[in-house]
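**Q** If you count by our numbering, then the sequence shown holds residues 78 to 493, one letter each, in order.
The structure under discussion is supplied below as structure tokens; questions concerning it will follow.
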Amino acid sequence: ISAATDPNRRVRVELETSLIQKLSLKSCDLIGGAPFSPSSISSSPHKGSSKHSSSQILSYLTKLSGATSDPKISRRGGWRRPFFQFLAFFLLGFLLGMTPYGHMEDVNGADRFSFEIKPPNFEQRLENGKREEVSVDGVSFVAEAELGKKEMVKEDLDIVPRKLIIVVTPTYNRAMQAYYLNRVAQTLRLVEPPVLWIVVEGNAASFETSEILRKSGVMYRHLVCKRNMTSIKDRGVHQRNTALEHIELHKLDGIVYFADDDNIYSLELFQSLRTISRFGTWPVAMLAPSKNKAILEGPVCNGSQVIGWHTNEKSKRLRRFHVDMSGFAFNSTILWDPKRWRRPFPHPTRQLDTVKEGFQETTFIEQVVADESEMEGVPPFCSRILNWHLHLDARDVPYPQGWLIPNNLEALMTVN
Numbered sequence: 078i079s080a081a082t083d084p085n086r087r088v089r090v091e092l093e094t095s096l097i098q099k100l101s102l103k104s105c106d107l108i109g110g111a112p113f114s115p116s117s118i119s120s121s122p123h124k125g126s127s128k129h130s131s132s133q134i135l136s137y138l139t140k141l142s143g144a145t146s147d148p149k150i151s152r153r154g155g156w157r158r159p160f161f162q163f164l165a166f167f168l169l170g171f172l173l174g175m176t177p178y179g180h181m182e183d184v185n186g187a188d189r190f191s192f193e194i195k196p197p198n199f200e201q202r203l204e205n206g207k208r209e210e211v212s213v214d215g216v217s218f219v220a221e222a223e224l225g226k227k228e229m230v231k232e233d234l235d236i237v238p239r240k241l242i243i244v245v246t247p248t249y250n251r252a253m254q255a256y257y258l259n260r261v262a263q264t265l266r267l268v269e270p271p272v273l274w275i276v277v278e279g280n281a282a283s284f285e286t287s288e289i290l291r292k293s294g295v296m297y298r299h300l301v302c303k304r305n306m307t308s309i310k311d312r313g314v315h316q317r318n319t320a321l322e323h324i325e326l327h328k329l330d331g332i333v334y335f336a337d338d339d340n341i342y343s344l345e346l347f348q349s350l351r352t353i354s355r356f357g358t359w360p361v362a363m364l365a366p367s368k369n370k371a372i373l374e375g376p377v378c379n380g381s382q383v384i385g386w387h388t389n390e391k392s393k394r395l396r397r398f399h400v401d402m403s404g405f406a407f408n409s410t411i412l413w414d415p416k417r418w419r420r421p422f423p424h425p426t427r428q429l430d431t432v433k434e435g436f437q438e439t440t441f442i443e444q445v446v447a448d449e450s451e452m453e454g455v456p457p458f459c460s461r462i463l464n465w466h467l468h469l470d471a472r473d474v475p476y477p478q479g480w481l482i483p484n485n486l487e488a489l490m491t492v493n
């Protein structure tokens, strides 16, 4: 060794090179056999030979991890010992991980997403006493990733949210009020949601009405009209205007329908309301005030197009639109988004209390649509009667407050 080179460094490099070569040869010999397999264990007849081979492996690992026995060299190269330890165990783990221990079958790509439930077999006893194995029809599930995604997207696109139905009902305290409100509530409970029931009372909210609304099971809003009702002939005009102000203030989006509490309504009517785009109308059957005849009033349709009107009352033939208050419905956005519908009226859409009785409907409709071309007949051809106005209210009839009987009734017939 010449003086120009470091003798210690030369010795250390030669020792490391020889140890790496020996470890590589030993690892190749182990891989060539079947390490840790039952055959290799059973092939060794004596326990001493297995102990001798394991001690040789440990000695190689000890020498490799120690790198050298010279204390001066170990002090100078202290970082090499953990490095070679990491390298030795890394190589050992890599070689053991690459060694095949089992048998693996390739899975066909076409059957990768196929899951089949094999039909179970059971024994069936025949008439002659013999038994026969019968297989039950199996159920197969095929899951294709791309097809499944397309079907999910298609289902999401098919889901269309139902329109909100806003039912406006003016009411006041009278003998038949509880019966009327409960009847309307039972009908609205059967309508598919969303349904909002706006009930408007005059002057103050009564406890009886609040109890009925709370027990109705329908989403509701209980409003009060602050106008003085003593000198007003038709209190329902201002009560409906209170509901219209509420809808416009909160910008409720849906179909508005004026449903008086003394009318009778079918479920088909509320289902048809969701088909209305701007303004829908239909014929209404009414009982005349004289109670001796029925009146049909409403549009005459060709499909969904309104081509005329029908009414039996001669005094109302001067009206522009012959329809009952419960015979039409309209889109609520007309109230708070008039630019969308190109409505020419700058003032809010409200019912008028200055017109003659019976003309509130036509004057209100004239603010919503220009003519029949903007109307829709419901249902097509206007061929069905969907609600009835019977005028069966009993006026000036005394009834117990809150419909509660504080004292026992007098027994007109006793039980012997």
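Even for Gly, the Cβ is constructed at its ideal location relative to N, Cα and C.
Every value quoted in this text rests on a predicted model; they were computed, and no experiment measured them.
Quick one: using the 10 Å Cβ neighbour count with 16 as the cut-off for buried, is Q254 buried or exposed?
**A** Here residue 254 is taken as the residue at index 177 of the sequence shown, counted from 1. So Q254 counts as buried.
**Q** Specify whether the segment 382-391 and the segment 356-374 touch according to this definition: at least 3 beta carbon pairs, one from each stretch, less than 8 Å apart.
**A** Taking a cut-off of 8 Å for Cβ pairs, the segment 382-391 and the segment 356-374 touch, as three or more such pairs fall below it.
**Q** Excluding the 5 residues preceding and the 5 following G385 in the sequence, name in chain order all residues of the same chain whose CB lies nearer than 6 Å to its CB.
**A** Numbered from 1 along the sequence shown, position 308 holds the residue referred to as residue 385. Here the set comprises V377.
**Q** Bridge partners of M363, per DSSP?
**A** Within the sequence shown, the letter at position 286 stands for residue 363. I372, H466, per the DSSP bridge assignment.
**Q** Taking the beta strand (DSSP E) that N340 falls in, what are its first and last residues?
**A** Counting from 1 along the sequence shown, the entry for residue 340 is found at position 263. It spans 340-342 - the beta strand (DSSP E) in which N340 sits, taken as one unbroken run.
**Q** Just to confirm my understanding: we take D430, look at its own chain, exclude 5 residues before and 5 after, and list those with CB closer than 6 Å. What are they?
**A** Locating residue 430 in the sequence shown gives position 353, counting from the first residue. Counting only Cβ-Cβ distances below 6 Å, and skipping sequence neighbours, we find V314.
**Q** Does the Cβ-Cβ distance between S367 and L463 come in under 8 Å?
**A** Taking the first residue of the sequence shown as position 1, residue 367 is located at position 290. Taking the first residue of the sequence shown as position 1, residue 463 is located at position 386. No, the pair does not count as a contact, with Cβ atoms beyond the cut-off.
**Q** Which whole-angstrom value is the C-beta distance of E453 and G357, which I expect to be below 8 Å?
**A** As a position in the sequence shown, residue 453 is number 376, starting the count at 1. As a position in the sequence shown, residue 357 is number 280, starting the count at 1. Contact holds; Cβ gap of about 5 Å.
**Q** From D414, P425, W418, F441, pick the residue whose C-alpha is nearest to that of M402; which is it?
**A** Position 325 of the sequence shown holds residue 402. Measuring from the Cα of M402, the nearest candidate turns out to be F441.
**Q** Find out if the Cβ-Cβ distance for the pair I497, I243 is shorter than 8 Å.
**A** Given a span of 78 to 493 for the chain in the structure shown, any question on residue 497 remains unanswerable.
**Q** Is it buried or exposed for G279, if we count other Cβ within 10 angstroms and need 16 for buried?
**A** Along the sequence shown, one-based indexing puts residue 279 at 202. So G279 ends up on the buried side.
**Q** If we define contact as Cβ-Cβ less than 8 Å, is Q437 a contact residue for chain C?
**A** Reference to chain C is not applicable here, since this structure consists of a single protein chain.
**Q** Could you give the first and the last residue of the continuous alpha helix (DSSP H) run that contains T495?
**A** Residue coverage of the chain in this structure runs from 78 to 493, which leaves residue 495 outside it and unanswerable.
**Q** Can you find at least 3 beta carbon pairs, one from the segment 460-479 and one from the segment 337-351, that sit closer than 8 Å?
**A** Flag = yes, the segment 460-479 and the segment 337-351 touch.
**Q** Taking the continuous beta strand (DSSP E) assigned at T246, which residues delimit it?
**A** Within the sequence shown, the letter at position 169 stands for residue 246. It spans 242-247 - the beta strand (DSSP E) in which T246 sits, taken as one unbroken run.
**Q** Between the alpha carbons of A320 and V245, how many angstroms are there, rounded?
**A** The residue labelled residue 320 in the question sits at position 243 within the sequence shown. The residue labelled residue 245 in the question sits at position 168 within the sequence shown. Roughly 7 Å separates the two Cα atoms.
**Q** Report the three-state DSSP secondary structure of N318 (helix, strand or coil).
**A** Here residue 318 is taken as the residue at index 241 of the sequence shown, counted from 1. Note: N318 maps to helix in three-state DSSP.
**Q** Rounded to a whole number of angstroms, what is the C-alpha to C-alpha distance between K370 and L364?
**A** Counting from 1 along the sequence shown, the entry for residue 370 is found at position 293. Counting from 1 along the sequence shown, the entry for residue 364 is found at position 287. Those two C-alpha atoms are separated by around 6 Å.
**Q** Check for me: the alpha helix (DSSP H) holding F161 runs from which residue to which?
**A** For the purposes of this step, residue 161 is taken as the residue at position 84 of the sequence shown. Counting along the chain, the alpha helix (DSSP H) containing F161 begins and ends at 157-175.
**Q** Would you mind reading off the limits of the beta strand (DSSP E) that contains Q382?
**A** Counting from one through the sequence shown, the residue named residue 382 turns up at place 305. Segment 382-387, the beta strand (DSSP E) holding Q382.
**Q** Would you list the residues sitting across from H323 in a DSSP beta bridge?
**A** Within the sequence shown, numbered from 1, the residue matching residue 323 stands at position 246. For H323, which the question treats as bridged, DSSP gives no partner whatsoever.
**Q** Throw me the rounded Cβ distance for the L267 and W274 pair, which I believe falls under 8 Å.
**A** The residue labelled residue 267 in the question sits at position 190 within the sequence shown. The residue labelled residue 274 in the question sits at position 197 within the sequence shown. About 13 Å; that fails the 8 Å criterion.
**Q** How would you call L96, buried or exposed, if buried means at least 16 neighbouring beta carbons within 10 angstroms?
**A** The residue labelled residue 96 in the question sits at position 19 within the sequence shown. Classification for L96: buried.
**Q** Is V377 helix, strand or coil by DSSP?
**A** Residue mapping note: residue 377 aligns to position 300 of the sequence shown, counting from 1. Strand, per DSSP.
**Q** Comparing alpha-carbon positions, which option in L350, A362, L395, S381 lies nearest S409?
**A** Along the sequence shown, one-based indexing puts residue 409 at 332. Looking at the Cα atoms, L350 is the closest of the given residues.
**Q** When the distance is taken between beta carbons, is F398 closer than 8 Å to T439?
**A** As a working note, residue 439 is residue 362 in the sequence shown. As a working note, residue 398 is residue 321 in the sequence shown. Their beta carbons are under 8 Å apart, which means T439 touches F398 by this criterion.
**Q** Alpha carbons only, please: which of N305, D311, V237 is nearest the one belonging to V432?
**A** Taking the first residue of the sequence shown as 1, we reach residue 432 at position 355. Of the candidates N305, D311, V237, the one whose C-alpha sits nearest the C-alpha of V432 is D311.
**Q** Can you list, in chain order, the residues of its chain whose CB lies under 7 Å from that of Q444, leaving out five sequence neighbours each side?
**A** Along the sequence shown, read from residue 1 onward, the residue named residue 444 stands at position 367. These residues qualify, in order along the chain: F422, T426.
**Q** Would you grab the beta carbon distance between M296 and V272 for me? Rounded to a whole angstrom, and I think it's under 8 Å.
**A** Residue mapping note: residue 296 aligns to position 219 of the sequence shown, counting from 1. Residue mapping note: residue 272 aligns to position 195 of the sequence shown, counting from 1. About 6 Å separates the two Cβ atoms, so the contact holds.
**Q** Assuming V276 contacts T286 (C-beta within less than 8 Å), just tell me the rounded distance between them.
**A** Position 199 of the sequence shown, counted from the first residue, corresponds to residue 276. Position 209 of the sequence shown, counted from the first residue, corresponds to residue 286. Between T286 and V276 the Cβ distance is about 7 Å, and since that is below 8 Å, they are a contact.
**Q** With a cut-off of 8 Å on the beta carbons, I'd call R355 and F405 a contact; round off their distance for me.
**A** Translated into positions along the sequence shown, residue 355 becomes position 278. Translated into positions along the sequence shown, residue 405 becomes position 328. No, R355 and F405 are not in contact; Cβ-Cβ is about 11 Å, not under 8 Å.
**Q** Could you check what DSSP says for L407 in three-state terms: helix, strand or coil?
**A** Residue numbering aside, residue 407 sits at position 330 when the sequence shown is read from its first letter. With the sequence shown as reference, residue 407 is identified as Phe, and Leu is not the correct amino acid for it. Residue state, collapsed to three classes: strand.
**Q** Taking only three categories from DSSP, how would you classify R291?
**A** What you label residue 291 is simply residue 214 of the sequence shown in a count that begins at 1. R291: helix per DSSP, three-state reduction.
**Q** How long is the line joining the alpha carbons of A336 and P483, rounded to whole angstroms?
**A** Mapped onto the sequence shown, residue 336 falls at position 259. Mapped onto the sequence shown, residue 483 falls at position 406. So the alpha carbons of these two residues sit roughly 33 Å apart.
**Q** Just to confirm, is the Cβ distance from N259 to I236 under 8 Å?
**A** As a working note, residue 259 is residue 182 in the sequence shown. As a working note, residue 236 is residue 159 in the sequence shown. Result no, Cβ atoms of N259 and I236 do not sit closer than 8 Å.
**Q** How many Å lie between R394 and G435 at the Cα?
**A** The residue labelled residue 394 in the question sits at position 317 within the sequence shown. The residue labelled residue 435 in the question sits at position 358 within the sequence shown. Using only the alpha carbons, I get a separation of about 11 Å.
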